[in-house]
Structure formats: structure tokens, C-alpha cells
Amino acid sequence: MDEKVKQHYLADSPPTVVRLEIKHHFDNLKDAKLRRYAHYISRAAFEGTRVTLRQVSPESEPIYDLILSLYRACDGNWNDLAKKTNVSDEHLRYFLEYSVQFLGNCGNYKGFGDSKFIPRLPVEAFQALASSTSETKIAFEKANTTGGGIYETEEQALMHLGYTDGGHMTTYYPDSPSITKDEVTAIGDLMEKKGLPLENTRLKKLPSGDYELLIASGVTSPPARDRDLGEVSTWDLEGNLTGKKLRLVFGDHIEEMAKIAHSIKQAGLNAANDNQKRMLDAYALSFGAGSIEAFKESQRIWVKDQKPSLETNIGFVETYRDPHGVRGEWEGFVALVNLERTRAFGKLVDSAESMIPKLPWGKEFEKDKFLSPDFTSLEVLSFQSSGIPAGINLPNYDDIRQNLGFKNVSLGNVLSAKAPNEPIPFISEEDLEVYRKCRDPAFEVQVGIHELLGHGTGKLLQETAPGEYNFDMSNTPVSPVTGQPVSTWYKPGQTWSSVFGAIASSYEECRAECVAMVLSCDFSILKIFGFGNGEEDLTNDAGDVLFAAYLQMARAGLVALEFWDPKTQKWGQAHMQARYSILRTFLDAGGDFVRLSYTKEDLSDMEIHLDRSKILTHGRPAVEKYLQKLHIYKSTADFEAGKKLYDDITSVDEWWGSKVRDVVLQNKVPRKVFVQGNTILDGDEVTLKEYEPTLEGMIQTLKRRQLLIGVRSGSLDPLRSTGHPSQIAPPNSQRAHEYKPRSCDLETYPDTLPWRSGSPGSPTTARPHHLLDSVVEEDDDFYTAPPPHSPPSQASSSSFVSAHPPPFLSLVYHPGADPNRAKVTVPESEPAFVSPFTSPSSEAESLEPDSSSSVTAETKDSFSRDPKDYSPGRSTEEGEPPPPYTEGSSPINSFTYVMAAAGGASSIITQVQQGGGPPINTLGGTRFTLSRDELLTLPEFVLLSLFPNGLLPDGHMGTFHEGDIYPVDYDPVSLQYMLDFFRSVAQSIPSSPAASTSQDLDISPDSMQGSTRDMLQDRAGIIVLREDLDFYAIPPRPDIDHMEMIEVKRAAARALLKQDGIFSGLRKSDEAGSTEQHLIEMLTAGGFDRDDRWGHRAPEPNKAVICSLALAKLRTDIKGDVSNNNAVGMAQKLLLFWRKPARRCWWEGVELENIEGVEGKVKIWIRRVWTLEMSVIGLR
-9 MDEKVKQHYL ADSPPTVVRL EIKHHFDNLK DAKLRRYAHY ISRAAFEGTR
41 VTLRQVSPES EPIYDLILSL YRACDGNWND LAKKTNVSDE HLRYFLEYSV
91 QFLGNCGNYK GFGDSKFIPR LPVEAFQALA SSTSETKIAF EKANTTGGGI
141 YETEEQALMH LGYTDGGHMT TYYPDSPSIT KDEVTAIGDL MEKKGLPLEN
191 TRLKKLPSGD YELLIASGVT SPPARDRDLG EVSTWDLEGN LTGKKLRLVF
241 GDHIEEMAKI AHSIKQAGLN AANDNQKRML DAYALSFGAG SIEAFKESQR
291 IWVKDQKPSL ETNIGFVETY RDPHGVRGEW EGFVALVNLE RTRAFGKLVD
341 SAESMIPKLP WGKEFEKDKF LSPDFTSLEV LSFQSSGIPA GINLPNYDDI
391 RQNLGFKNVS LGNVLSAKAP NEPIPFISEE DLEVYRKCRD PAFEVQVGIH
441 ELLGHGTGKL LQETAPGEYN FDMSNTPVSP VTGQPVSTWY KPGQTWSSVF
491 GAIASSYEEC RAECVAMVLS CDFSILKIFG FGNGEEDLTN DAGDVLFAAY
541 LQMARAGLVA LEFWDPKTQK WGQAHMQARY SILRTFLDAG GDFVRLSYTK
591 EDLSDMEIHL DRSKILTHGR PAVEKYLQKL HIYKSTADFE AGKKLYDDIT
641 SVDEWWGSKV RDVVLQNKVP RKVFVQGNTI LDGDEVTLKE YEPTLEGMIQ
691 TLKRRQLLIG VRSGSLDPLR STGHPSQIAP PNSQRAHEYK PRSCDLETYP
741 DTLPWRSGSP GSPTTARPHH LLDSVVEEDD DFYTAPPPHS PPSQASSSSF
791 VSAHPPPFLS LVYHPGADPN RAKVTVPESE PAFVSPFTSP SSEAESLEPD
841 SSSSVTAETK DSFSRDPKDY SPGRSTEEGE PPPPYTEGSS PINSFTYVMA
891 AAGGASSIIT QVQQGGGPPI NTLGGTRFTL SRDELLTLPE FVLLSLFPNG
941 LLPDGHMGTF HEGDIYPVDY DPVSLQYMLD FFRSVAQSIP SSPAASTSQD
991 LDISPDSMQG STRDMLQDRA GIIVLREDLD FYAIPPRPDI DHMEMIEVKR
1041 AAARALLKQD GIFSGLRKSD EAGSTEQHLI EMLTAGGFDR DDRWGHRAPE
1091 PNKAVICSLA LAKLRTDIKG DVSNNNAVGM AQKLLLFWRK PARRCWWEGV
1141 ELENIEGVEG KVKIWIRRVW TLEMSVIGLR
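Each residue of the sequence shown is one higher than the one before, counting from -9 in our numbering.
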């Protein structure tokens, strides 16, 4: 890149760092409940930081991790780090300046401008700074080689966000370098017809030419009832894309979305009213299940939540940065109401209906009724986004705005934030004093009108349904622009953004700015804000404010050229494109109303001269004429006329694009970077921690915030930054910061596996029988699934012919079998699991305890309890589920695991001898990050499998650090199925403060009847059933060799996999009262159906073991006489298994037919070990 061009992309030096002042307002917030509400919403917003980063560029998340790793390397002592690495003070300062701007923009492209910025220090100096530890070296390498890297790209087009086929950068279409604008448009049009909004999506083009629409959600398989399009997930494309398919893929940003949904639920327990509770439930459903319809419901409720003490909004909101203008960037804010300034905005709302007729269009193009919105002046407490605006008008959905209304907010502490002695180029000396004095109040007036009467006015003429219109078709409205009846309008399913596409955002901002310019000339509005007496007077303080408003807009239009890229002929910021067009309108108003004055050929002395006396005679009429066209074209869906108008007036010719832009760049004033405070929860109290408005303070606040929200720092997994569902970590990885080349993803999508991860209809059952897959792979692929833990057992060679099954002893995995596999041992204290039966026909004891207390005690004593009585976080009181995690009660915020590699030197089928062939396959680990809350709701037997030696092995407590990966040996697909189910059920629990104030519940056997429904009123019980099926094949003929026998066992395993009915193996006796029938009755009364299939079923590699898992939500639809109700009794009995897993074993002999390579039948001994446990989830 040319050095002169490169200068325009260098990070600001120095940047303008200011503190977002909020302490005074927060200290006045005395209500502890409101403080907790603010804390949890702030936390939810910031938990989406990595989502925003991924929406900017591929390299943004690695750069973020690099900055944090460097902070950890020196603990914030930057001078020490520079000395240690021989980096000069100047280069250290350049690094800090770059880091601060990166964090302020939440990425390496400007949030306001969409162009990349790069460090001023040489790459060699940056690399030296990162040489202090192995972690920082790896972090730098990854950040500088991912995507476009840290520094400039060879192609200048990549320095700007935009469509891929234009050579620009975008991550809204990840891993899709060949995707075109036409393809994006075609799929967008299809989704518009199907009724699927796209705000929370990304679009991926596969090597095959098919497409995946990635939907942000906290689970990979949300129930059909929670999806916007129900069970439909695949379409055959038409037109130019004929022969290709589009598939919906849930679980984009899965880790972040699950955390966000959880924090939203926590906030719901501190909500001020029912509206807020319902709003937060809708938020949680949207972020958990990926439903934009649920998000829209949250916005409908939010609009009705009038005059709250705390104002919030969160989600995929603004679509400015998606090249196609339909996908939203993650953002969220919490702000406190400034009552004094809000009163002024309230008066503006009251006057709105009298102001609207002064706009240049008739009532046919205006809403039938102006829905007075809530308009508040806010002081921002927390704001996660790529840039903090001065005002907000939400929601962005026209159907909600036109039918229910909207909200306006002005962000006072953003407007008032100033750096000392800030330069103001292009304002003449004679106007400078008035400009400095009045620019803030002028901007407040402008923002107020812009949000309320700009975005809040106007009607879209629509055909709402075929043949139905929201205007009189028999008397079609006449356009004031053409004087002719309108001939265009919005068709069914069309929206403003879908019709106007990429220009929609900037076009609408321009319309709102023009409304502000027109109505700020009304002196009655200026009086509302405290300026003048309402009479027209350009010489008093009201006249000063009006003059400053017009002069400020003219200056904004001039400096907007910074955001125009002459190379790509592209505007990089919606508001600035709009303001440039308004400056052009001022210049075209005539009478020298506005002119650019200069005497030097290089324009270096350029100033804006605006004639105050002509604001009302020339300025306002010119803007009104422009505004009228903007509005009518929008109202009538006249895209062609609107685009031509806007393209013409925002075009940049040679003079503007080179000479004027050069002087603008020479006088560029850095945008502000805001240092925000952090809320800290200590017990039930929330305090505010503020930081110095310095380079160091900005990084410190982010590091502290990252610790508070439990975001894992230092993530250097090469796949971690994609945010895609179900990703595989590098093979054999043991620590998060071990850098490995990118390996292929394991896509655990339901339609490509021989099982389904959940019911598409409801999360309350395991696997409906009608969803049985018709095809099971007839090769060894299924052996590649990583092994779940089977019950400890040891088998003799299955080639040994015997009339009875062999004895079972403890099985310990040989630690030398594979150095890359996690070491799993059975502690010496664990008794061997010996079958008590003398023949396969022996009947196991009932798994169900009697409901009477004495019998219950005896029954529970007879259960095979798990050998370890280990339960992380178990309270001494057995009567209530563990409380949710709060900061301060644990040094560990979250736990990250890697499912260890499978395989080893043991034979392909479990047997005594250790010989045999190599493993069929090994599989790299899958990364999971679980919150402590989620961890403690997992079944006991799962925790024992994940942590056979305790939560952290002896001697390792001090060696594991935040960001480390803890390797365990467990089937990742099984764990994902369980997490999806648990999260889905958790989202179905309504937020209720009742649980947080209730006393501990006594669920001892004697009190079960009275508390079952009470306990589950705001909680949910989940029945967890696991089967470990060991099988032994009798050799079909005496002369069969070892390898041939292995193939027989493989074929037998495939046949047994197809027998996946949960209860099919227990239906050997139809006698009433038999053990099997009694067990089936209990489980079906509790939540399963008789025809249910296992939710997850997979063989264990290298062993003749099939592991199955089924989950069901405990039924609570209990009616009638509680004491005599069988369902209540079953629920009571099942709750006895809460945190107390029980095991039982059954033997049976079967004969399998049609086994590949065998003539006739194969005799198989089967040993089924069932583990039953209850989990209870819910918020306290």
C-alpha cells in the first residue's frame, strides 16, 4: 500500500479518551433490586462482546485475545513489559493507543466509518512486545495471520467493510469468499417470502455450493415450537440457484448466547414489574432458541414499559454494518433516567401532534394516530457495541412502530462528554465563541427532534394482505412531489429495509436529520428546551442555538468526507453520508446562505460561512423540499426514485473527493473513546467501580469486566473465533493456549448423524418414535464417536464359549495405551461392580422406591449408589437445588473442557488380552465452556465421569488458570445433547421472584406429598436415564479367526444400534407387577412415553459397548386429589433420585439375524446397566 494512503488508516495519536460519567446518578439509585437488575443486564450485554467482534472481521477476536494476553503477561505494568522486551516508550504508547481504539470500537474497523485502522508502531516492535511469554507469542502469530491480520492488507478494498465480491471485508458471510451480492439477495428474498427475519443470522456458502443460514442461539436444536419457522429447516433453491439447498443451522455464537440467556433470567428475578418480567422471558427465549419473533415480542412489551427508572435494550439491533442492510450487530445498554432533562423531552412529546402538520407532506402520508412515545434523557451505565450513539429511537420494526409506538432516548453523558481544549476546525474565528457555547444544547435539540419526530413520523403505504390496504385504494393519495396519484406501495411481506436494502439505514438517518433541521426553526420547540420565549428572534439565545445547530450540521457534512473512500467510491458511515447530503442542500439553497471560504490553493484555510439571517428564508425551505422527496419516496416504496435522488446528492466528484477531503483528513479530530465503569455484585449488593480516563484505564476496565462476567480469557483455539456450532479443538490439545493448525469441524447436525439430538416439537420427551432415522451407517464411521464412560466392568474374551455370561470386575483404562488420551482411573475405594445374578434370567430388583418413609429408606439403602458421594457445591440441606452462582462465592467463574481423544492400543472389542489392531479412529477434542450454574445442574453420574478424581485433581488446584482447558474423557455429542435439553427446559421456566424469597423446601419422604408441586412451581425436574449395553458374541463357528470375529462383533453392534427403543429391552414379561412393568410404569408416568427412543445412542470406540441417554421433563400437570393421584406418587418417587443416582443390571440372551458375513443367527449375551437420576433446575 502506498505510504501516503496508509497514513489515513493509522490509529489516532493521541486518541480522545473520556470517562462516561455516571457515578453521581448511580449513587442516587438506592433500590438494591434495581441495582441488581442493572448489573445482570449489563452482564448480558457484555457477554456478547465476542459476538460483536466476530461480526467485524475474522482477526478481531484474536486481536482482542492478544491485548488481554499482553495485559496478563505484565499485570498491567506496561512500562515493565516494554523494558523487558526492549520496546521504546514511543512504540509502547502507539501500542496502547491502538489497543484503546480497538476496544472502543470493539474490533479493528471503525464503528463510525467502517474502515480498518492499524497500529503506528512497526510490526517488528509489536512482535517484540509480544515475545515476553509463549502465550503472547502464539497470540500475536494468530492475530497477525487470521483474516486480514493486524496491519494493512495488499488490497485497499479489504480495508473497508462491504460485499465480498467487491473485494471488501465482512464476516456476516463467514468462510464464504466466493459468495456474491446476487446470491445474498436471492436468499434474502426467499427468507422474506418465508417470513424469517435475518437480524440474528449469518450466511455461509459451502464448497458444494449449498448454503447454511447460521442462527445465533444458545442451543443447537431448539424445539420446533420455539423456532420462527417451526420444523421446516431446508429448502431447495430456485432461479439461478437451482439445484442448491439452503439449510438453517442453529447454535451460532452458542457459548455466548447461552450465557446471555442465563444472565437475562437472573435479571428477571429483579424486574420492577410484570411487563419487564415478560420482556425478559421473551429475550431469554430469543437468545436461547434463536427466535426473532420472540425478540419482536420483547420489543412490543418494552414499548409498553413506560417511564422506568432504568432503561435497557439488548439484541441484534442496528443493521448499518451488514453490507446487505438486514443483519443486526449485537449491542446492549443499561442507563439511568435523568429526571430533570426528561421533563423537557416530555414537553416535546406533548407538543408533537401540533408539530407534525408543519412537515412538508399531507395526512395521507402520516400515521393515522401519533402514538406518544416514552422519551427520556438517560445517563449511560453500560453500553456494549461498536460505538455509543448520542440518541436512540427503537424498535426498528415498522409494524411495531406504526401499531404500538416506539421509544426515544437521549444519552446525556455521551452528549456532554468532552476532552479539554478539543480543536474545532472549519469554524471561523468570529463564530467560534457562539459555537462553543451553544453546540451542546443545539445538539440536544437536534437529537430530540431527530429521534421523536424524525424516526417517529411517517406512514408506509402497504398492501397488508392480498387485496387489503392501509390506505384508500378508491381514492389513491396524490404525491406532493409529482402531483399525481401514487402508483407504488409495499407489497405483502415487504418491509422498508427489504425494499430499500443497503441504502435504507443512511436514507432514513438523512430523513430524520432533515426533520430536525426543519423543526428546530420552530421557536416554540426551542422554548421547550429553555431557549427564548417562543417568538421568532434570530438574535437572542434561541437564535444562537438555532444558528449553532445549522452551523454544526454544515460542519458535520464537511468532515463527513473522512468516511468516503475514493478508491472504492463507497461511503463508510450512514449518518455522515446523510450529513454530507444536507451540506450539499445548504450550498444549493442560493443567496450565499452557506459557502466554503478559502484563499489558499490547497484549501488549508477553508472555513464555513453561514448567513444566520437566511436560515428561515433560504435554509429551511431548501431542506423542506429535499425532505419532502425523501419522505414520499420512502412512504410509497418508490425505490428507483429514492435511490436516484440519494445517489445523486451523495455523489462525490473529483474536487470534493480529493482536494476537500485532503484538507478534512489533515484536520481530522479523533472520535471519543469512552471509559466505562463496571458493576460488581458482592452478595446482594451492587457497587460501581470507575477507572481513570487514560490509555491504561481503558484496558484495565475491560480486563476487570472480563473477569466479572466470567468470559474465558486468552482463548487461542484456532476454531474458537468462528463462533460456529459444535467445533472441534486441535487434536491432543491440553491447554487453551497451545496453538495448533486449524483442523476440520465436526458438524453435529441432527440430519447427518444416526440419532437426533432432541425432539423438534418439545423438550419434554427424549426422542419421539416417529423421528426414527431410516438409515444407519453400514461402515465403521460410528466408532469415531469419543467414548462416554461406561460402568466399570471387565470382560473375559467373548470367544470363550460358556452357558453363562462371564463375571464382571472393575475395568481400568490402561494409561499407556495412548499418551494423548485423558487418564481415567477408578479410585481404589470404588468397589467392583459384580453381577449378583447366577443366570441371565435372574430378575433385578425394582428400581422404584416405595413412597412410604420406612419402605423408602430400606429401598434407597438397597440401591447401588454411585461409589463416590461427590457433589460439587452440594449444600448440607438436601431439600433444595443448588443456588445460582454469584460473584465472590467461588474463585472459578466458568469451566472449560476438552473431550479427550478416543482410541488406544487396546483391542477393538473389550476383552482381557491387550493385543489387537490399532484404534479405528481418533478424534480431536470438542471445547465446552460451562458456567458453574450449568455444571451443578448436571446429573451426579455425569460429574463423576467428567471428574473421576474430583473437580480438579489433587495437586492441580494451583496449576489451572483462567483460560485453561481441563481434558476429560466423555462423549461430546452426548454432553451437547444434554446441555441443549437442559438449556431448553431452563428457558421454559418463567422468571419469578417467588423462588428467590421462598424458604428452603423440605422434600424428605415424609413431606413429599405436600411439597412436590410447590417445589416444581418455578423449577423443572428432568429425568436422566442412561443405559450401558455390554454385549458378548458367541462365535458362529469353531474355526473363526480373531479378525473375522471382530468383524462379526462390529456387524452385531450395528444391528443393536438400530434397536433403540428405550423400553424395548425390558418388555420380556407382560405379567402385571413384574420388575420391568413396574419400572416402565414409573418412568412413563413421570415423563417418558412407551414408544420413546433414546435421545442419544452411540457405540464406544474399541469396545463392545453401546451407550444411550434419554432425558424427559418431569410431568407437573397434576390435578385432583393429591394424596390419591398416581402421577403425584410417581413424581414423588422419582424425586428421591435427585442427586442420588441408582443402578440396576439386567441380563438377556438374544439371537440376531441378517448379520453381515454370518449365515444364520448369531447368539449374543447382553448386559444392560441402567443409571437413573433426577436433576432439578431453576433460578433462586
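Heads up, the beta-carbon is just placed ideally off N, CA and C, and yes, glycines get one too.
Neighbour-count burial assignment, residue i, 16 or more Cβ in a 10 Å radius
i, result
"glutamine 146", "buried"
"proline 212", "buried"
"histidine 14", "exposed"
"threonine 191", "buried"
"glutamine 296", "exposed"
"methionine 463", "exposed"
"tryptophan 645", "exposed"
"glutamine 1180", "No answer is possible for residue 1180: the residues shown for the chain start at -9 and end at 1170."
"valine 324", "buried"
"asparagine 465", "exposed"
"glycine 94", "buried"
"aspartate 555", "buried"
Residues bridged to residue i (per DSSP)
i, result
"glutamine 45", "The partner list for glutamine 45 (beta bridge, DSSP) is empty, contrary to what the question assumes."
"valine 642", "None, per the DSSP bridge assignment."
"glutamine 374", "Gly322"
"tryptophan 1160", "Glu1017, Arg1134"
"tyrosine 99", "Lys106"
"isoleucine 140", "Answer is none; isoleucine 140 lacks a bridge partner."
"aspartate 364", "Lys397"
Reduced DSSP secondary structure (H/G/I, E/B, other) of residue i
i, result
"aspartate 226", "strand"
"leucine 151", "strand"
"tyrosine 27", "helix"
"glutamine 1185", "Because the chain is modelled from -9 through 1170, residue 1185 falls outside the range shown and cannot be assessed."
"valine 174", "helix"
"threonine 607", "helix"
"tryptophan 1084", "coil"
"proline 556", "coil"
"lysine 1103", "strand"
"tryptophan 292", "helix"
"tryptophan 479", "coil"
"histidine 599", "strand"
"glycine 524", "coil"
"alanine 633", "The sequence given here places lysine at residue 633; alanine does not occur at that position. Helix, per DSSP."
Backbone CA spacing between residue i and residue j [nearest angstrom]
i, j, result
"valine 404", "valine 663", "11 Å"
"glycine 444", "asparagine 383", "9 Å"
"aspartate 70", "alanine 118", "13 Å"
"leucine 1124", "leucine 1101", "13 Å"
"threonine 558", "tyrosine 153", "11 Å"
"threonine 210", "serine 166", "21 Å"
"asparagine 411", "methionine 968", "58 Å"
"glutamate 441", "leucine 259", "32 Å"
"leucine 368", "glutamate 330", "10 Å"
"alanine 1088", "arginine 1044", "10 Å"
"glycine 522", "proline 187", "47 Å"
"alanine 63", "threonine 135", "21 Å"
Anticipated Cβ contact below 8 Å, residue i with residue j, distance rounded
i, j, result
"threonine 478", "aspartate 628", "5 Å"
"valine 316", "serine 487", "6 Å"
"alanine 261", "leucine 275", "Going by Cβ atoms, the distance from alanine 261 to leucine 275 rounds to 15 Å, so no, they are not a contact pair."
"alanine 380", "valine 437", "5 Å"
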